[in-house]
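These notes concern the structure reproduced below.
Numbering (my numbering), first residue to last: 12 to 189.
Right, here's the structure in full:
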């Protein structure tokens, strides 16, 4: 049996001194780089929407309308105000909305989406918002390809009619929220 024992001939400090200075410098730099990499903070997390915040999906288009008497045709001096929010699924054609209003001269007799019509123009009703119109009102409908195109091009408005204002007491143009 052969016994091998490791006996350094030079102490550690002396062996380190025998390594060329350039090599020691390179080893030191490599060691510092390694340690710095270990000490770096983790990458910052990617921003995400807050819980409950709406997510923007490319197939969804969001719309809003602020209703007032000044937008009605002819304009009314109504103190009534309203707001509509809507979402259109571009792929399926499903339109969902929520309408709230107050301050009208009396009960709503009819509420419709009208198209095609820009602000100040009069257009035919394309959808009834409901038989009984009380605030808040939610609804949904499937749109045709033509209706989707008109809505996406800004040619829809919502109109609320009362006995005092049979042509419309308050009105608002649907505007896409981009």
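Yeah, the Cβ is synthetic: ideal placement off N, Cα and C, and Gly gets one too.
Between the region 86 to 93 and the region 118 to 125 there are fewer than three inter-stretch CB-CB distances shorter than 8 angstroms, so the stretches are not counted as touching.
Secondary structure of residue 107 (DSSP, three-state): strand. Restricted to the region 103 to 155, the beta strand (DSSP E) segments that are unbroken, complete and at least 3 residues in length are 105 to 113, 119 to 125, 136 to 139, 148 to 153, listed in chain order. Looking at the DSSP output, residue 171 sits in a beta bridge with 122, 181. Annotation for residue 99: the continuous beta strand (DSSP E) segment containing it runs 92 to 100. Closest in alpha carbon position to residue 70, among 100, 79, 87, 83, is 100.
Residues 111, 112 of the same chain have their beta carbon placed closer than 6 angstroms to that of residue 146, with the five preceding and five following residues left out of the count.
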